[in-house]
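The next block holds one structure in the form of structure tokens; read it before the comments.
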């Protein structure tokens, strides 16, 4: 559905002619039914990539196609559910009015608009802020308004740029539920985020960018357990001497009963078996670093 | 995405924005003008004739450029600068069409100034309204010329209204220098002639005809069309987050 083909964006300063390569040689296909994550440190090119996808910028190299069309004509014909990193809306608009206007622009029919706005306000917890102007909203509430307007239309392409920016933990979890509900076979969802845990939970594939280049694409199956570091975090009730079974184990400072262990899955299973057989009570055993986190760290250090 | 794709579906909201912004300001100014002339007509009835036509002409001659700047200044650049365009134009709405509608509504607000002023003057003076075909045509040409320049510049810069104001003021001053026969070198004269013919904006004069009419309308239309083409092909963003 979305095809980046060697896409690049170079900014050139008008006076000094100094060039900055914000994105270089980005090639990737995003298919219907997929949730695609875009990860990368600050300045990696995530926002430029999204601006190119939305047609707010033209590429200086390569091409971007949505269903075979250039992005801007496609967006103008079909619309995209787009949540910006910084939600900017006219400050004097009231919350329901902002949603009604943007639902109107999104093409929601007049006879269904009111109901759609009410539904979005309920879904995103904005009902209690109905009398407020946009400028009176907190960061988190503004983010929820941004998400609500992105969902106003029934778009086939949804682009969420740092969607949980400013959300509290409760709404971060609810956001994940909302995105899970958005998934459908004819829709592609693109999520750019610094939050690797979020991408790991939501995305089928994650493209890791660094310094404007695509470093690697991590598939969902490879995200959950680190294939490389094999570091585990284990915790037991009481004081269990894990280092008696695994000499390389290190205690986690400030957390009684918690250890970090480097071991293969087989070694870890054997050690756990020995400890549990000796009467230890397991509290947790999780990979200390996910495959995605591992790939991200490796990619940005390259 | 399916649904209401009527190209005019957002026009009522745009009309509301124009009415609540420039519209209210114009109404307040017109109310003040009417109040002032009502007072003058009460106290100085026999000293000098106050007619609706005279007031219309003088008022519009003075404020036509500023009125257009208020109606459409920052029309594109404001949304671009504030980042509103990202929410607006992720929706199925062509950029050029959105701004054309907003621009036309600004023009309607300007065209309503002589109408509302005429009604107000008729109310306070008791007779006449000063609305003539020539006056309305000149106001429309004024909007096309100044509004077209603002729309075009607004695609590039946030200072659209300021540049148009400075150029129009300088250009009109220069025209009066030439009219009184001050010596002007050829290069300066050519530069002046290349600028939009703001000096032709005189709502109180007879309707433009012939070459000056073509010059003003052609220039205004050309700037408007170029602006719309640029909005069609030129991306609104200037950077990753901008």
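Residue numbers (our numbering), protein chains in the order written: chain D, 1 to 302; chain R, 303 to 544.
Glycine included, every Cβ here is placed at the ideal spot set by N, Cα and C.
Range covered by the alpha helix (DSSP H) that runs through residue i
i                      : result
residue 53 of chain D  : 46 to 54
residue 261 of chain D : Looking at the DSSP string, residue 261 of chain D is not in any alpha helix (DSSP H); the run it does join, the beta strand (DSSP E), is 258 to 262.
residue 21 of chain D  : Premise fails: residue 21 of chain D lies in the beta strand (DSSP E), 19 to 30, not in any alpha helix (DSSP H).
residue 283 of chain D : Run containing residue 283 of chain D: none in the alpha helix (DSSP H); it sits in the beta strand (DSSP E), 282 to 287.
residue 93 of chain D  : Per DSSP, residue 93 of chain D belongs to no alpha helix (DSSP H) and is neither H nor E.
residue 292 of chain D : 291 to 301
residue 491 of chain R : 488 to 496
residue 521 of chain R : 512 to 535
residue 429 of chain R : No alpha helix (DSSP H) holds residue 429 of chain R; DSSP gives it neither H nor E.
residue 275 of chain D : 265 to 277
residue 387 of chain R : 387 to 390
residue 128 of chain D : First-last for residue 128 of chain D: undefined, no H or E at that position.
residue 482 of chain R : First-last for residue 482 of chain R: undefined, no H or E at that position.
residue 314 of chain R : 313 to 320
residue 15 of chain D  : That residue, residue 15 of chain D, is in no alpha helix (DSSP H); it is neither H nor E in DSSP.
residue 362 of chain R : 354 to 374
Rounded distance between the beta-carbons of residue j and residue i, thought under 8 Å
i                      : j                      : result
residue 152 of chain D : residue 158 of chain D : About 11 Å; that fails the 8 Å criterion.
residue 248 of chain D : residue 261 of chain D : 7 Å
residue 186 of chain D : residue 161 of chain D : Not really, about 22 Å apart at Cβ, beyond 8 Å.
residue 190 of chain D : residue 30 of chain D  : 7 Å
residue 137 of chain D : residue 145 of chain D : 6 Å
residue 412 of chain R : residue 445 of chain R : 5 Å
residue 530 of chain R : residue 425 of chain R : With a Cβ gap of about 39 Å, residue 530 of chain R and residue 425 of chain R do not count as contacting.
residue 113 of chain D : residue 103 of chain D : 5 Å
residue 539 of chain R : residue 56 of chain D  : 3 Å
residue 507 of chain R : residue 440 of chain R : 7 Å
residue 244 of chain R : residue 407 of chain R : Shown here, chain R extends from 303 to 544; a query on residue 244 of chain R therefore has no answer.
residue 272 of chain D : residue 285 of chain D : 7 Å
residue 462 of chain R : residue 379 of chain R : 6 Å
residue 142 of chain D : residue 87 of chain D  : 5 Å
residue 46 of chain D  : residue 192 of chain D : 4 Å
residue 235 of chain D : residue 257 of chain D : 5 Å
residue 140 of chain D : residue 168 of chain D : 6 Å
residue 470 of chain R : residue 367 of chain R : 5 Å
residue 357 of chain R : residue 343 of chain R : With a Cβ gap of about 10 Å, residue 357 of chain R and residue 343 of chain R do not count as contacting.
Identified DSSP bridge partners for residue i
i                      : result
residue 195 of chain D : Looking at the DSSP assignment, residue 195 of chain D forms no beta bridge with any residue, so it has no partner.
residue 63 of chain D  : D/5
residue 190 of chain D : D/36 and D/159
residue 69 of chain D  : D/66
residue 219 of chain D : D/205
residue 81 of chain D  : D/158
residue 213 of chain D : D/24 and D/210
residue 123 of chain D : Beta-bridge pairing links residue 123 of chain D to no other residue.
residue 251 of chain D : D/259
residue 133 of chain D : D/94
Extent of the continuous beta strand (DSSP E) run through residue i
i                      : result
residue 7 of chain D   : 2 to 12
residue 210 of chain D : 205 to 210
residue 232 of chain D : 231 to 236
*Counting pairs of beta carbons, one from the stretch 57 to 76 of chain D and one from the stretch 252 to 268 of chain D, are three or more of them closer than 8 Å?*
no
_Measuring CB atoms only, is the stretch 442 to 454 of chain R touching the stretch 506 to 525 of chain R, in the sense that at least three cross pairs come out at less than 8 Å?_
yes
*Are three or more beta carbon pairs between the stretch 99 to 114 of chain D and the stretch 306 to 319 of chain R nearer than 8 Å?*
yes
*If you measure beta-carbon to beta-carbon, which residues of the stretch 67 to 97 of chain D are closer than 8 Å to chain R?*
72, 75, 76, 77, 78, 79, 80, 81, 82, 84, 85, 86, 87, 88, 89 and 90
*Return the residues of the stretch 168 to 196 of chain D that lie within a Cβ-Cβ distance of less than 9 Å from chain R, sorted by chain order.*
none
*Are the stretch 37 to 45 of chain D and the stretch 191 to 206 of chain D touching, with three or more C-beta to C-beta distances below 8 Å?*
yes
*asked:* Beta carbons nearer than 8 Å to chain D: which residues of the stretch 386 to 419 of chain R have them?
replied: 386, 387, 388, 389, 390, 391, 392, 393, 394, 395, 396 and 397
*asked:* Counting beta carbon pairs with one atom in the stretch 46 to 65 of chain D and one in the stretch 20 to 28 of chain D, are three or more of them shorter than 8 Å?
replied: yes
*Can you give me, in chain order, the residues of the stretch 505 to 537 of chain R that have a beta carbon less than 8 Å from any beta carbon in chain C?*
The structure shown contains no chain C; its protein chains are D and R.
*asked:* With three or more beta-carbon pairs closer than 8 Å as the criterion, would you say the stretch 363 to 372 of chain R touches the stretch 466 to 474 of chain R?
replied: yes
*Are at least three pairs of beta-carbons, each pair with one atom in the stretch 392 to 411 of chain R and one in the stretch 89 to 97 of chain D, less than 8 Å apart?*
no
*asked:* Would you call the stretch 75 to 82 of chain D in contact with the stretch 48 to 56 of chain D, where contact means no fewer than 3 C-beta pairs closer than 8 Å?
replied: yes
_Given 8 Å, three or more beta-carbon pairs between the stretch 292 to 300 of chain D and the stretch 373 to 388 of chain R_ = no
_Contact residues within the stretch 101 to 127 of chain D, judged by C-beta distance below 7 Å to chain R_ = 101, 102, 104, 105, 106, 107, 108, 109 and 110
*Could you please tell me which residues of the stretch 355 to 387 of chain R, in chain order, have their CB closer than 8 Å to any CB of chain D?*
384, 385, 386 and 387
*Can you list, in chain order, the residues of the stretch 37 to 69 of chain D whose Cβ is nearer than 7 Å to any Cβ on chain R?*
47, 48, 51, 54, 55, 56, 57 and 58
*At a Cβ cut of 8 Å, what residues of the stretch 131 to 151 of chain D count as close to chain R, listed as they run along the chain?*
146, 149 and 150
*According to a CB-to-CB cut-off of less than 9 Å, which residues of the stretch 427 to 448 of chain R neighbour chain D?*
none
*For the stretch 260 to 283 of chain D, enumerate the residues whose C-beta is nearer than 8 Å to any C-beta of chain R, in chain order.*
none
*Select from the stretch 312 to 331 of chain R all residues with a C-beta closer than 7 Å to any C-beta belonging to chain D, and list them in chain order.*
312 and 315
_Chain-ordered residues of the stretch 464 to 494 of chain R with a beta carbon less than 8 Å from chain D_ = none
*the stretch 192 to 203 of chain D / the stretch 13 to 20 of chain D touching (three or more Cβ pairs under 8 Å)*: no
*Any contact of the stretch 6 to 15 of chain D with the stretch 166 to 180 of chain D, i.e. 3+ C-beta pairs under 8 Å?*
no
_Please list, in chain order, the residues of the stretch 152 to 163 of chain D that have any C-beta partner in chain R closer than 7 Å._
153, 154, 155 and 156
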